[in-house]
Amino acid sequence: MDKLAIHGGKPVRTKLFPAYQVIGQQEKKAVNAVLDSGVLSHFLGCWDGLFYGGEQILAFEKEWARYFKAKHAIAVNSCTSGLICAVGACGIGPGDEVIVSPYTMSASATCVLVFNGVPVFADIEPDYFCLDPKSVEERITKDTKAIVVVDIFGQPYNAPAINAIAKKHGLCVIEDCAQAPGARYKGRWTGTLGDIGVFSLNYHKHIHTGEGGVIVTDNDDLAEKMRLIRNHAEAVVEDKGTKDLVNMVGFNFRMTEIEAAIGRCQLRKLKGLVDKRIDHVHYLNKKISKLKGIRSVQVREDAVHVYYDAPFLFDEKIMGVSRNRFLQAVIAELKPMAKHEAEGVPISCGYVKPLYLQPMYQQQMAFGDKGYPFRSPMYKGKINYAKGICPVAEALYEKELFLVGLVYASMTKKDLDDIAKAFEKVYEARETLR
């Protein structure tokens, strides 16, 4: 038995993994064309012909909408901005509750706070990790106005069940598909499964523009409200003739012409990049899932999962060693990704701590020093952020789930073999970790 690297032995891999590089000559040519034009942004924050942006923005939005078969696409400077636009367009305000996931990036919940709504956390599915419809139904009150679902790790949410709940109670469904561009459920693209979908284009997503995001919807009114919120609504509504002033406090959430030009090139690459991820995850699954105590993620029936990361479930009872200790040993056998050495090997335990355990929710302190919006006089509900409210999410975080991020398109089968060998080596020597 080879000595584990964590105990001073020779590691499985001694060279860095290939860089995650999806930017090429097409993007460089497109950026140079924008630079040569001298027009790096072409928005005006007033009711003018340029209120909706310049040539590249309009072309990018048109191409994105056509690709995903959506009526409207709205380019923004981040997925976070897009989520804020979506919550505002749905009319969320002080005293309102919005059902959110505890197992996601923090912005999927803080977007609700921006309009002084109160996030209510429902638990997630133990196999798919998206919002559990049963838990969502249990959390709904007379104050609930919307549901923010998350297609976590690239897995589509249970649209039929959650959409039915939303229809029953008259709620908006906002789909955070930051990690799922190109995923599908029952033949439909993620992002188009709810009322509004929001994509991410920041640097570590499937395709990217450095920073950026895109919102899609088929609803004309919601689309126009989101365009207003994106670009200084309060300065525009009078001249535009907008009568509904709910949440018409705007922001500067505008994307640049350079980012839009890159986005147009990246969109053309999406299918190829997604197909490679799927192939890499399937290859790695076959190898790692042979180890007793490790199980690959399930894919929802009639769905296409696009694997932002490759999720696995770890059984400490079968392994006889803790997940964290086992993965520390695996990481010691490998090297980081080129150009991202400071981030370490992209294999992680548990993803994120359930959001409601963050200090802001535990102390119920967001805006000012009076506890708004949680203790606003307009909020008549009683919120519960105690540990234990989402037991599935807590168990996944504490001991069951781990993620392998080394599945992007630049990887080769030899690279994937090294990852598998690291797991196999540690598995064979796991007794030494106890």
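Residue numbers (my numbering): 2 to 435.
Every residue gets a Cβ at the ideal spot worked out from N, C-alpha and C, and that includes glycine.
Query - Alpha carbon of Ile100 to alpha carbon of Ala108, nearest angstrom - result: 13 Å
Query raised in the report: Which partner residues does Pro312 have in the DSSP bridge list?
Result: Leu404
Query raised in the report: From what residue to what residue does the beta strand (DSSP E) around His73 run?
Result: 73-77
Query raised in the report: alpha helix (DSSP H) containing Glu139: first to last residue?
Result: 134-140
Query raised in the report: Can you list, in chain order, the residues of its chain whose CB lies under 6 Å from that of Val121, leaving out five sequence neighbours each side?
Result: Glu98, Ile100, Arg140
Query raised in the report: Among Pro157, Pro392, Pro347, Pro103, which has the Cα closest to the Cα of Gly188?
Result: The shortest C-alpha separation from Gly188 is found at Pro157.
Report task. Go ahead and pull the three-state DSSP assignment for Asp177. Result -> strand
Requested in this report: Give every residue of the same chain whose Cβ lies closer than 6 Å to the Cβ of Tyr362, excluding the five residues on either side of it in the sequence, and list them in chain order.
Outcome: So the qualifying residues of the chain are Tyr386.
Query raised in the report: Just reading off the alpha helix (DSSP H) that Cys1 is part of, what are its end residues?
Result: Since the first residue of the chain shown is 2 and the last is 435, residue 1 is not available in this structure.
Query - Residue nearest to Val137 in terms of C-alpha spacing, selected from Ala167, Val115, Ile175 - result: Ala167
Query raised in the report: What is the DSSP secondary structure of Arg269, counted as helix, strand or coil?
Result: The DSSP-derived three-state label of Arg269 is helix.
Query raised in the report: Using CA coordinates, which residue listed in Val13, Gln26, Ser349 is at the minimum distance from Phe315?
Result: Ser349
Query - In chain order, each alpha helix (DSSP H) run of at least 4 residues that lies wholly inside the region 26-102 - result: 26-38, 56-68, 80-90
Query raised in the report: Can you tell me whether DSSP reads Ile24 as helix, strand or coil?
Result: coil
Query raised in the report: If you drop the 5 nearest sequence neighbours on each side, which residues of the same chain put their C-beta closer than 7 Å to that of Leu45?
Result: Counting only Cβ-Cβ distances below 7 Å, and skipping sequence neighbours, we find Leu51, Phe52.
Query raised in the report: What are the boundary residues of the beta strand (DSSP E) that includes Val499?
Result: Residue 499 lies beyond the residue range present for the chain, which begins at 2 and ends at 435; the question has no answer from this structure.
Query raised in the report: What is the rounded straight-line gap between the Cα of Ser290 and the Cα of Arg296?
Result: Their backbone Cα atoms lie some 5 Å apart in a straight line.
Report task. State yes or no: is the C-beta of Pro127 within less than 7 Å of the C-beta of Val393? Result -> yes
Query raised in the report: For Leu41, is the classification buried or exposed, using 16 other Cβ atoms within 10 angstroms of its Cβ as the cut-off for buried?
Result: exposed
Query raised in the report: In this structure, does DSSP put Ala330 in helix, strand or coil?
Result: helix
**Report entry** Thr142, buried or exposed, once every other Cβ within 10 Å from all chains shown has been counted against 16
**Finding:** So Thr142 counts as exposed.
Query raised in the report: Opposite Ala304 in the DSSP bridges: which residues?
Result: Partner residues in the beta bridge of Ala304, as assigned by DSSP, are Tyr186.
Report task. Determine the direct distance from the alpha carbon of Asn248 to that of Phe154, and round the result to whole angstroms. Result -> 31 Å
Query raised in the report: Is the region 403-423 close to the region 361-380, with three or more CB pairs under 8 Å?
Result: no
Query raised in the report: Would you report the Cα separation of Val346 and Ala333, rounded to the nearest angstrom?
Result: 9 Å
Report task. Kindly identify the DSSP beta-bridge partner or partners of Tyr373. Result -> Answer is Phe368.
Query raised in the report: Do Met256 and Asn78 come within 7 Å of each other at the CB atom, strictly closer than that value?
Result: When the beta-carbon positions are compared, Asn78 and Met256 come within less than 7 Å of each other.
Query raised in the report: Buried or exposed: Ile197, going by 16 or more other Cβ atoms within 10 Å of its Cβ?
Result: buried
Query raised in the report: Tell me the DSSP bridge mates of Arg296?
Result: Leu314
Query raised in the report: What's the C-alpha gap between Phe496 and Arg376?
Result: Only positions 2 to 435 of the chain appear in this structure, which leaves residue 496 out of reach.
Query raised in the report: Going by other Cβ atoms of all chains shown within 10 Å of its Cβ, with 16 needed for buried, is Asn253 buried or exposed?
Result: exposed
Requested in this report: Within 10 angstroms of the Cβ of Thr218, are there 16 or more other Cβ atoms? Answer buried if so, exposed if not.
Outcome: buried
Query - Sequence-distant residues of the same chain with beta carbon closer than 7 Å to Gly183, five excluded per side - result: His207, Leu271, Lys272, Val275, Val307
Query raised in the report: With respect to the beta strand (DSSP E) encompassing Thr218, which residues constitute its N-terminal and C-terminal limits?
Result: 214-218
Query raised in the report: Out of Pro337, Pro12, Tyr380, Ile259, which has the shortest C-alpha to C-alpha gap to Leu59?
Result: Ile259
Query raised in the report: What do you reckon, are the CB atoms on Ala147 and Cys178 nearer than 7 Å?
Result: no
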